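J.:
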Amino acid sequence: MAEGWLKHLAGDAYEVFSAGIEAHGKNPRAIAVMREAGVDISTQASEVANTVLLESLDLLVTVCSHADTHCPIFPMQGKREHWPFDDPAKAQGTEEEIMLEFRRVRDQIHARIDTFLNAK
């Protein structure tokens, strides 16, 4: 969702990649709640982070606690920040409760990226 928001809000101002220590595929709930907000992330793909990509970054942002604590330390010239968000894929309950969690996190990510862009 963070990749989708940054691309949507900043246009071509940034080259944006989603990568993790594992590739999990597309989450249909994330696609659905982003579509509700007018952002299509259905063609995005999450890559597995590699040292070549990480070494070339100006900014690496981790967005979940698992990534922040388990992401290996790679040599990189850029800055590293952690923006903590709950992982909505771990939400439990009824379908409506799970979707509410996805929407809550979607909106938190939107607000954090707005703050990032307005600080530039």
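FYI, the numbering for the sequence shown is 1 to 120, going by the numbering used here.
Beta carbons are placed, not taken as given, at the ideal position from N, Cα and C, and that holds for glycine.
These numbers were taken from a predicted model, which means no experiment stands behind them.
Tell me which same chain residues have a C-beta within less than 6 Å of the C-beta of E47, skipping the five on either side of it?
T.: Along the sequence shown, read from residue 1 onward, the residue named residue 47 stands at position 47. Listed in chain order, the non-local C-beta contacts of E47 below 6 Å within the same chain comprise A19, local neighbours out to five positions each way being set aside.
J.: What do you get for K120, buried or exposed, if any count of 16 or more other CB atoms within 10 angstroms of its CB means buried?
T.: The count along the sequence shown starts at 1 and reaches residue 120 at position 120. By the neighbour-count rule (16 or more Cβ atoms within 10 Å), K120 is not buried but exposed.
J.: If L59 and G78 are in contact, beta carbons under 8 Å, what's the gap, nearest whole angstrom?
T.: By one-based count along the sequence shown, residue 59 stands at place 59. By one-based count along the sequence shown, residue 78 stands at place 78. Their Cβ separation, rounded to whole angstroms, is 5 Å, which keeps L59 and G78 in contact under 8 Å.
J.: From T94 to Q108, what does the alpha carbon distance come to, in whole angstroms?
T.: Here residue 94 refers to the residue found at position 94 when the sequence shown is read from its first residue. Here residue 108 refers to the residue found at position 108 when the sequence shown is read from its first residue. So the alpha carbons of these two residues sit roughly 21 Å apart.
J.: So what's G78 in DSSP terms, helix, strand or just coil?
T.: In the sequence shown, counting from the first residue as 1, residue 78 sits at position 78. Three-state result, G78: coil.
J.: Tell me the rounded alpha-carbon separation between L117 and C64.
T.: Start at 1 with the first residue of the sequence shown, and residue 117 comes out as number 117. Start at 1 with the first residue of the sequence shown, and residue 64 comes out as number 64. Straight-line Cα distance between these residues: approximately 20 Å.
J.: Please classify A13 as buried or exposed, where buried requires at least 16 other C-beta atoms within 10 Å of its C-beta.
T.: Mapped onto the sequence shown, residue 13 falls at position 13. Burial call: exposed.
J.: Which ranges does the beta strand (DSSP E) cover as unbroken runs of at least 3 residues, wholly within the region 13-70, from first to last along the chain?
T.: 59-62
J.: So, helix, strand or coil for M99, using DSSP?
T.: Translated into positions along the sequence shown, residue 99 becomes position 99. DSSP places M99 in helix when its eight states are reduced to three.
J.: Find the nearest neighbour of D87 within the set R29, A45, V16, L9, judged by alpha-carbon distance.
T.: If you number the sequence shown from 1, residue 87 lands on position 87. With distances taken between Cα atoms, D87 lies closest to R29.
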